[in-house]
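First residue of the sequence shown? That's 2 in the numbering used here, and the numbers climb one at a time after it.
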Amino acid sequence: MSTQDQQDHPAPALSGPDSLETLGHLASPAGAEPTVEPLGVRRTYAIAPGYYVNVRKRPDTGSPVVRQLSPGSRVDIHCQRRGERCSGPYGTTDLWDNIGPGQYVSDAYVRTGSSGLVAPRCTS
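Here's what the structure looks like:
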């Protein structure tokens, strides 16, 4: 079994509920009129099946591991930021997902259905 330490995912674009963004951001399935999800609605994303994913203090693999997620766990992405480039089951990327204060996972291990941002950029 692998650990999370890699990133970028040129995963195929998905349509339907897997392509929607969270927290009232504009979201639309491919070819549909844009819709807005109600505020307070949070979308969770699955960790890649078969991978134990390290949660790190900062968006790089040299940062301390603060905990580990089990295969198939689901995470709520609060914000996203650029960091160390990593590879995983969903491709290679420098995008990292903040799942809590001081908690980052490489987006290469999270099934977001997008190779871009699905949450706001982290500001601090």
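Where is the CB? At the ideal position from N, CA and C, for every residue including glycine.
S74 and I48: beta carbons closer than 9 angstroms?
yes
From what residue to what residue does the beta strand (DSSP E) around S117 run?
Here residue 117 is Gly; the residue named in the question, Ser, does not match the sequence. Per DSSP, G117 belongs to no beta strand (DSSP E) and is neither H nor E.
Which residue marks the beginning of the beta strand (DSSP E) containing I48, and which one marks its end?
45-48
DSSP three-state call for D98: helix, strand or coil?
strand
Report the residue from R57, G51, V54, S107 whose alpha carbon sits nearest the alpha carbon of G92.
S107
Helix, strand or coil: how does DSSP classify D77 here?
strand
Does the distance from the C-beta atom of V119 to that of Q81 stay below 9 angstroms?
yes
With 16 other Cβ atoms within 10 Å as the buried cut-off, status of G103:
exposed
Helix, strand or coil for Y110 per DSSP?
helix
Applying the criterion that 16 or more other CB atoms from any shown protein chain within 10 Å of the CB defines a buried residue, is T94 buried or exposed?
The residue is buried, with at least 16 neighbouring Cβ atoms inside 10 Å.
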